[in-house]
Ligand SMILES: [Zn+2]
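Residue numbers (the numbering used here): 46 to 509.
#1: Just tell me which of 432, 419, 267 and 283 has its CA closest to the CA of residue 405.
#2: Whole angstroms are fine: how far does the CA of residue 218 sit from the CA of residue 373?
#3: Kindly provide the ranges of any beta strand (DSSP E) runs that are 3 or more residues long and lie completely inside the region 257–345, ordered along the chain.
#4: With contact counted as at least three CB pairs below 8 Å, one residue from each stretch, are the region 140–158 and the region 248–255 in contact?
#5: Please look up how many angstroms separate the CB atoms of residue 191 and residue 137, rounded, as I've assumed it's under 8 Å.
#6: Leaving out five residues before and five after residue 304 in sequence, what residues of the same chain have Cβ atoms less than 6 Å from its Cβ?
#7: What is the residue span of the alpha helix (DSSP H) that residue 173 lies within?
#8: How close, in whole Å, do the beta carbons of residue 412 and residue 453 come, if the pair is a contact with beta carbons under 8 Å?
#9: If we call anything under 7 Å between Cβ atoms a contact, is residue 427 one with residue 505?
#10: By DSSP, does residue 508 sit in helix, in strand, or in coil?
#11: Starting from the C-beta of residue 467, find all residues in its chain whose C-beta is less than 6 Å away, skip the five residues before and the five after it, and write them out in chain order.
#12: Near residue 166, which residues of its chain fall below 7 Å by C-beta distance, leaving aside the five closest residues on each side in sequence?
#13: Could you name the residues that DSSP lists as bridge partners for residue 500?
#14: Taking 6 Å as the limit between beta carbons, can you name the residues of its chain near residue 361, skipping five residues before and five after?
#15: Measure from the C-beta of residue 316 to each C-beta in chain D and report whether the shortest distance is under 7 Å.
#16: Alpha carbon to alpha carbon, what distance is there between residue 263 and residue 278?
#17: Specify, as a first and last residue, the run of the beta strand (DSSP E) that residue 139 falls within.
#18: Just list the alpha helix (DSSP H) runs in the region 184–238, keeping only unbroken ones of 4 residues or longer that don't cross its boundaries, in chain order.
#19: With H, G and I counted as helix, E and B as strand and the rest as coil, what does DSSP make of residue 440?
#20: Just how far apart, CA to CA, sit residue 399 and residue 393?
#21: Between the beta-carbon of residue 517 and the beta-carbon of residue 79, is there less than 7 Å?
#22: Would you say residue 89 touches ligand 1, meaning its beta carbon is less than 6 Å from a heavy atom?
#23: Is residue 256 a contact residue of ligand 1, with contact defined as CB to any heavy atom under 6 Å?
#24: Look at the alpha carbon of residue 99 and the alpha carbon of residue 206, and state the distance between them as a whole number of angstroms.
#25: Is any heavy atom in ligand 1 found nearer than 6 Å to the beta carbon of residue 211?
#26: Could you check where the beta strand (DSSP E) with residue 352 kicks off and where it finishes?
#27: Would you mind reading off the limits of the alpha helix (DSSP H) that contains residue 456?
#28: Given 6 Å as the limit, tell me if residue 310 has its C-beta closer than that to any heavy atom belonging to ligand 1.
#29: Look at the alpha carbon of residue 109 and the alpha carbon of residue 63, and state the distance between them as a whole number of angstroms.
Dropping the structure here:
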């Protein structure tokens, strides 16, 4: 505790040297940029993210922050801006994607690109995913520049296109492949975390430190085609069905990493006794099977954090009720643990299938394998400290996403990458979350998140 107190002191002493920000004074400008960004329709599949790039370029350059744009597709540009530090530490990259998923307008009570203020919320596609991060990063750059804040590291701002559906590789893939020197950094901060609001208090802060790796395959069974009235032992539909059943019910080995071990340990400290006992049972050889079973039945999201998962998602076979097809295939959505040896995993899966008529055909990788980011870095410690200071009594949980994000590309290049995000109540996340029919953000969460982002950036990048 003494060490912790010292860290708190040094952080506030550091902040005291800087001109303090009057956050009340920033609200109007934060809201103006955020609403303007939500009002730009950058929905997939077209994206048109260059609209956002033009907006950001003007705002940044009007304040004397030079920008560079990089575009594989002129409609889907990326923008980079850099504030120089003294070079004593490696850069910090703050990034956000500028595209949003599509909308079904008839589901919306308001214009999805209106950024309408109603009932204390800002409504619109992207209000959670990912425009609060984009607006916060923009404000951080403006405030750093206005305050002339001396920096130990460069702070690099990246607004990237095509995160939601980057089929042509216009966003992070293009930047990492062609312009990595522009974004190379020790740490990155982006989406993929958040905070849970209970009543009027933030109780849990999730920091994204790891994610599973998509490793999808097709299962293909071949046999002899023929008349449906004449049964054949090599009928591919029968062989495929057996294989799908076996892999779909396969209990792959449970394996915890630093992130998930810490996650379940800390989750136990804030859970009611019965749930706490179950999370602890996961690492008890005598009781782990029952605990895993319970999670699979009742907490599937957490269950998926325990292991590489294999989920049959598509089936394709047959052209008519009286025709035996010569081929049948299934698609498996496999999400691998960050450290999975996937070649060996496929070999194990082939043994589980136990049928030479069924072949495993890996689909092209959509994301590179990405190691988990460390919990033992200056950036992670800063995020913990800022969380504890801004949300007294809260618990910080490092989290492994079961989905995939652009952090994968950055982690695969050695950048320790962390996911953060604004607070939201559980009910609001469930009903109005990212990619939902209707998306909204409670207004104070926006201002609070900009402050969180600022504190994190300052404490890791400002001159000490
Ligand atoms: Zn997103």
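Glycine included, every Cβ here is placed at the ideal spot set by N, Cα and C.
Walking through what the data contain:
#1: The count along the chain shown starts at 1 and reaches residue 405 at position 360. Of 432, 419, 267 and 283, the residue nearest in Cα terms is 267.
#2: One-based indexing of the chain shown puts residue 373 at position 328. One-based indexing of the chain shown puts residue 218 at position 173. The alpha-carbon atoms of residue 373 and residue 218 are separated by roughly 33 Å.
#3: 262–267
#4: no
#5: On the chain shown, position 146 is the one that residue 191 refers to. On the chain shown, position 92 is the one that residue 137 refers to. Their Cβ separation, rounded to whole angstroms, is 18 Å, which puts residue 191 and residue 137 out of contact at 8 Å.
#6: The residue given as residue 304 occupies position 259 in the chain shown. Same-chain partners within the cutoff: 254, 255, 417, 443 and 445.
#7: Numbered from its first residue, the chain shown carries residue 173 at position 128. Residue 173 -> no alpha helix (DSSP H), and no H or E assigned at all.
#8: Position 367 of the chain shown, counting from 1, holds the residue named residue 412. Position 408 of the chain shown, counting from 1, holds the residue named residue 453. With 8 Å as the limit, residue 412 and residue 453 qualify as a contact, their Cβ atoms being about 4 Å apart.
#9: Mapped onto the chain shown, residue 427 falls at position 382. Mapped onto the chain shown, residue 505 falls at position 460. Taking 7 Å as the Cβ cut-off, residue 427 and residue 505 qualify as a contacting pair.
#10: As a position in the chain shown, residue 508 is number 463, starting the count at 1. Coil, per DSSP.
#11: Within the chain shown, the letter at position 422 stands for residue 467. Same-chain partners within the cutoff: 177, 490 and 494.
#12: Position 121 of the chain shown holds residue 166. Around residue 166: 485, 486, 487 and 488.
#13: Position 455 of the chain shown, counted from the first residue, corresponds to residue 500. Its beta-bridge partners do not exist; DSSP assigns none.
#14: Residue 361 sits at position 316 when you count from the first residue of the chain shown. Taken in chain order, the residues that qualify are 374.
#15: Absent from the structure: chain D. Only one protein chain is present.
#16: As a first step, residue 278 must be located in the chain shown, where it is residue number 233. As a first step, residue 263 must be located in the chain shown, where it is residue number 218. Approximately 22 Å between the Cα atoms of the pair.
#17: Stepping through the chain shown from its first residue, residue 139 is reached at position 94. From DSSP, the beta strand (DSSP E) with residue 139 extends over 137–142.
#18: 217–223 and 225–228
#19: The residue given as residue 440 occupies position 395 in the chain shown. Three-state result, residue 440: strand.
#20: Locating residue 399 in the chain shown gives position 354, where the first residue counts as 1. Locating residue 393 in the chain shown gives position 348, where the first residue counts as 1. If I take the Cα positions, the gap works out to 10 Å.
#21: No statement about residue 517 is possible, as the shown extent of the chain runs from 46 to 509 and does not include it.
#22: To locate residue 89, count along the chain shown from 1; it is residue 44. Answer for residue 89: no, Cβ out of range of ligand 1.
#23: Walking along the chain shown from the start, residue 256 turns up at place 211. Not under cutoff, so the answer is no.
#24: As a position in the chain shown, residue 99 is number 54, starting the count at 1. As a position in the chain shown, residue 206 is number 161, starting the count at 1. Each residue's Cα considered, the two are about 13 Å apart.
#25: By one-based count along the chain shown, residue 211 stands at place 166. No, the Cβ of residue 211 stays beyond 6 Å of every heavy atom of ligand 1.
#26: In the chain shown, counting from the first residue as 1, residue 352 sits at position 307. No beta strand (DSSP E) holds residue 352; DSSP gives it neither H nor E.
#27: As a working mapping, residue 456 is identified with position 411 in the chain shown. Here the alpha helix (DSSP H) through residue 456 covers 452–457.
#28: Locating residue 310 in the chain shown gives position 265, where the first residue counts as 1. The answer is no for residue 310.
#29: Your numbering for residue 109 matches position 64 in the chain shown. Your numbering for residue 63 matches position 18 in the chain shown. Using only the alpha carbons, I get a separation of about 20 Å.
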